[in-house]
Ligand SMILES: Nc1ncnc2c1ncn2[C@@H]1O[C@H](COP(=O)(O)OP(=O)(O)O)[C@@H](O)[C@H]1O
Ligand SMILES: [Mg+2]
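Protein chains in written order, with the numbering used here: chain A, 103 to 376; chain B, -14 to 333.
Shown next, in the form of structure tokens:
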């Protein structure tokens, strides 16, 4: 009974990973060629400033997006848990609705909003807030907006599921013992919902390292992320071993982050998806 | 019991269109152990939450030392609460739970440690400082909750069915300990319960509530011996409740006979109800009593027998140490002071 499952995992999960690992130590030959001679040049090449900058840029974007998603998603999830049963259903529906549409198509929606003759510029100019249309699309903020848009639901749901389980009498207990509303939030609500916030951060940060297609679509290829770099090495650059090395590094970093998360929440499972 | 500490004046509370409190008037004194007693849903918790500051009354006043406080947030009141299911902070250990209030007030660390230790000693949890609160038994969690509230030296401690989740044996012990703690710290306890026995054993004053109204305020003995109406008589202990009329002062008529009693101040021939406690009734020879009947059922209850006597009009419940076999014709006797006359209530 277990054997087929085992084989399946071996072939379709472990197999590609092992192949990727081996590939990252191989030598590239022109035209997608791979020569199986051992080298660590692929890893050494990552240390070149241009690639290190790519990693730094990816981190910066992931960090910015995650931070903003926290500030927007936490209150959203928190207040959602305080709604009536009907209110919760409606909020949940609003949150899930976009998932029915392909994410690429949704991103093209943002182009319509953000482009020079787009919706946002139209609103801004007709309100007289700006003289001539602003350049909104193909910029760093446009990428961040796209990231937030795609990742926000994960944070909201994760915080929500944590706040749902929260014992609100604890807040009353804190207020009873001398805490004002803010103190009660900081000393009780925040620690109680911390698992949700942390899984929200993980669920935001890790994907945002890899969501290169957002940067491509809304950033107009100007900002290169590790994800786009890997894709480029596999296609136009035709250097699969280097792409594999980049991917291995990415994987190690995400694994470390998950480990850190596990340590912080002492073995807790991912809120909402565990 | 000396000075008035809290006064509730014409307090009402509506939730949506449901009136939960219908005009509560109550004076609470310093150093008093006062219990709100009533069936579930009668508004005890709501009253307590208004005193604590978690709810605002729809109308009426809450005075604390003569000052109106009904708009004051909870953290500005010299009142602390022991919550129904303890509500300990799961992310803090025992000592940090107890120190929570003192930490907020920025009390010196060494002072905090001392006070926490003293509290733990008082509630019998010495050496528990570093324990995880989520791993404590119900009784232990309860003690931590009490210590966490009392360490702030409030003038009033509110306790909402604090023993409700404990099993019978620990309950009894905690009742005793709570009373002892109250006498030790010398502050006012306002205690909520639906358990009449708990209310009678612990309190200086019992406030019987029903349906958002106070039915009677009095000492446990008064409440038990002189219930003011049928609801109180029924809720406190077992009773025989009989409709009758007050012929004149000190003379009452029910079941076709006139009996001496010690009550007065009713109108002549006013319709009233009489309470006869089962333990106040005695089984005597039929010729020695006005009320007579046949023993229907006799049950041994440990210290006493519970005997049901069927008269022409009703069944009387009697608790006595004397045995009477079923089928025997008997008389029921009682003393004038055992006849408790109450105003008649329409609704019950
Ligand atoms: N926040 C609330 N919203 C609506 N109804 C409530 C609320 N709190 C209490 N009630 C209602 O008020 C009534 C009295 O409740 P409560 O004071 O908790 O009674 P008790 O503590 O005596 O059992 C109940 O019918 C309860 O359903
Ligand atoms: Mg209650």
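For every residue, glycine included, the Cβ atom is placed at its ideal position computed from N, Cα and C.
Q: Give the straight-line distance between the Cα atoms of residue -14 of chain B and residue 208 of chain B, rounded to the nearest whole angstrom.
A: Residue confidence for residue -14 of chain B is low, a pLDDT of 49 falling below 50, so the modelled location carries little weight; the figure read from the coordinates is stated next. Those two C-alpha atoms are separated by around 19 Å.
(Q) Between which residues of its own chain and residue 196 of chain B is the CB-CB distance below 7 Å, once the five residues before and five after are set aside? (A) Cβ within range, chain order: 27.
Q.
Give me the residue from B:222, B:221, B:239 and B:220 with the minimum Cα distance to residue 228 of chain B.
A. Of B:222, B:221, B:239 and B:220, the residue nearest in Cα terms is B:239.
(Q) Less than 6 Å separating the Cβ of residue 27 of chain B from some heavy atom of ligand 1? (A) A heavy atom of ligand 1 is found nearer than 6 Å to the CB of residue 27 of chain B.
**Q.** At least 3 beta-carbon pairs within less than 8 Å: the region 343 to 356 of chain A vs the region 286 to 293 of chain A
**A.** Three or more Cβ pairs closer than 8 Å define a contact, and the region 343 to 356 of chain A falls short of that threshold against the region 286 to 293 of chain A.
Q.
Which same chain residues end up closer than 6 Å to residue 200 of chain B when comparing Cβ atoms and leaving out the 5 residues on each side of it in sequence?
A. Excluding positions up to five away in sequence, the list reads 193, 216 and 217.
(Q) For a test of the three-state rule: what should DSSP assign to residue 284 of chain B, helix, strand or coil? (A) Residue 284 of chain B falls in the strand class under three-state DSSP.
Q. Any idea which residues DSSP pairs residue 316 of chain B with across the strands?
A. Within the DSSP bridge table, the entry for residue 316 of chain B names B:269 and B:277 as partners.
Q. How would you list, in chain order, the residues of chain B whose beta-carbon sits under 9 Å from the beta-carbon of residue 294 of chain A?
A. Those within 9 Å of residue 294 of chain A in chain B are 74, 75 and 76.
Q: Please indicate yes or no: does the CB of residue 30 of chain B lie closer than 6 Å to some heavy atom of ligand 2?
A: In this structure, the C-beta of residue 30 of chain B approaches ligand 2 to less than 6 Å from one of its heavy atoms.
(Q) With H, G and I counted as helix, E and B as strand and the rest as coil, what does DSSP make of residue 268 of chain A? (A) Here residue 268 of chain A carries a coil assignment [DSSP, helix/strand/coil].
Q) Near residue 160 of chain B, what residues of its chain come up, given a Cβ to Cβ distance below 8 Å and the 5 sequence neighbours on each side ignored? A) Cβ neighbours of residue 160 of chain B beyond the five flanking positions: 148, 183, 186 and 187.
Q: Compare the C-beta of residue 59 of chain B with all C-beta atoms of chain A and state if any pair is closer than 7 Å.
A: Put simply, the CB of residue 59 of chain B is near chain A, with a gap under 7 Å to one of its CB atoms.
Q. When we look at the beta-carbon of residue 168 of chain A and count the other beta-carbons within 10 Å, is it buried (16 or more) or exposed?
A. Residue 168 of chain A is buried by the Cβ-count criterion.
(Q) Can you find the residues in the same chain that come closer than 6 Å, C-beta to C-beta, to residue 290 of chain A, ignoring five residues on each side of it along the sequence? (A) Here the set comprises 272, 273 and 276.
Q.
I'd like to confirm something about residue 235 of chain B: is its beta-carbon nearer than 6 Å to some heavy atom of ligand 1, or not?
A. Checking every heavy atom of ligand 1 against the Cβ of residue 235 of chain B, none is found closer than 6 Å.
Q: Return yes when the C-beta of residue 0 of chain B is under 6 Å from any heavy atom of ligand 1, and no when it is not.
A: It does: the Cβ of residue 0 of chain B is within 6 Å (strictly closer) of some heavy atom of ligand 1.
Q | Burial state of residue 231 of chain B (16 or more Cβ within 10 Å) | A | Buried, since its Cβ has 16 or more Cβ neighbours within 10 Å.
Q: Would you mind reading off the limits of the beta strand (DSSP E) that contains residue 141 of chain A?
A: Careful: residue 141 of chain A lies outside any beta strand (DSSP E) and carries neither H nor E.
(Q) Going by C-alpha to C-alpha distance, which of B:313, B:283, B:306 and B:203 sits closest to residue 18 of chain B? (A) Taking the Cα of residue 18 of chain B as reference, the smallest distance to any Cα among B:313, B:283, B:306 and B:203 is reached at B:203.
Q | Residues of the region -8 to 3 of chain B whose Cβ lies closer than 7 Å to any Cβ of chain A, in chain order | A | The region -8 to 3 of chain B vs chain A, Cβ under 7 Å: nothing.
Q: Could you tell me whether the region 28 to 45 of chain B touches the region 172 to 180 of chain B, using the rule of 3 or more Cβ pairs below 8 Å?
A: Taking a cut-off of 8 Å on C-beta distances, the region 28 to 45 of chain B touches the region 172 to 180 of chain B, as three or more cross pairs fall below it.
Q | Outcome for residue 243 of chain B when other beta-carbon atoms lying within 10 angstroms are tallied against a minimum of 16 | A | With fewer than 16 Cβ atoms within 10 Å of its Cβ, residue 243 of chain B is classed as exposed.
Q) Taking 6 Å as the cut-off, is the CB of residue 192 of chain B close to at least one heavy atom of ligand 1? A) Taking non-hydrogen atoms of ligand 1 into account, the C-beta of residue 192 of chain B is found less than 6 Å away from none of them.
**Q.** Beta carbon of residue 346 of chain A nearer than 7 Å to that of residue 112 of chain A
**A.** No, the pair does not count as a contact, with Cβ atoms beyond the cut-off.
**Q.** Sub-7 Å separation of residue 297 of chain A and residue 330 of chain A beta-carbons
**A.** It is not a contact, given that the beta carbons lie outside the stated cut-off.
**Q.** Test: residue 274 of chain A CB closer than 7 Å to a CB of chain B
**A.** The beta-carbon of residue 274 of chain A is placed less than 7 Å from the nearest beta-carbon of chain B.
Q) Hey, would you say the C-beta of residue 303 of chain B is under 6 Å away from at least one heavy atom of ligand 1? A) Exclusion of residue 303 of chain B from the 6 Å shell around ligand 1 follows from its C-beta lying no nearer than that to any non-hydrogen atom of the ligand.
Q) DSSP state of residue 304 of chain A, grouped into three classes? A) Three-state DSSP puts residue 304 of chain A in a helix.
Q) Looking at C-alpha atoms only, which residue of A:159, A:163, A:179 and A:254 is the closest neighbour of residue 201 of chain A? A) That would be A:254, whose Cα lies nearest to the Cα of residue 201 of chain A.
Q) Using a threshold of 6 Å, is the CB atom of residue 5 of chain B nearer than that to any non-hydrogen atom of ligand 1? A) Indeed, a heavy atom of ligand 1 lies less than 6 Å from the Cβ.
Q: Alpha carbon to alpha carbon, how far is residue 70 of chain B from residue 102 of chain B? Give it in angstroms, no decimals.
A: Rounded to the nearest angstrom, the two C-alpha atoms are 23 Å apart.
Q) So which residues on chain A does residue 65 of chain B lean against when the C-beta distance must stay under 8 Å? A) Against chain A, a Cβ distance below 8 Å from residue 65 of chain B picks out 278 and 279.
Q) Quick one: Cα of residue 273 of chain B to Cα of residue 294 of chain B, how far? A) For residue 273 of chain B and residue 294 of chain B, the distance between alpha carbons rounds to 16 Å.
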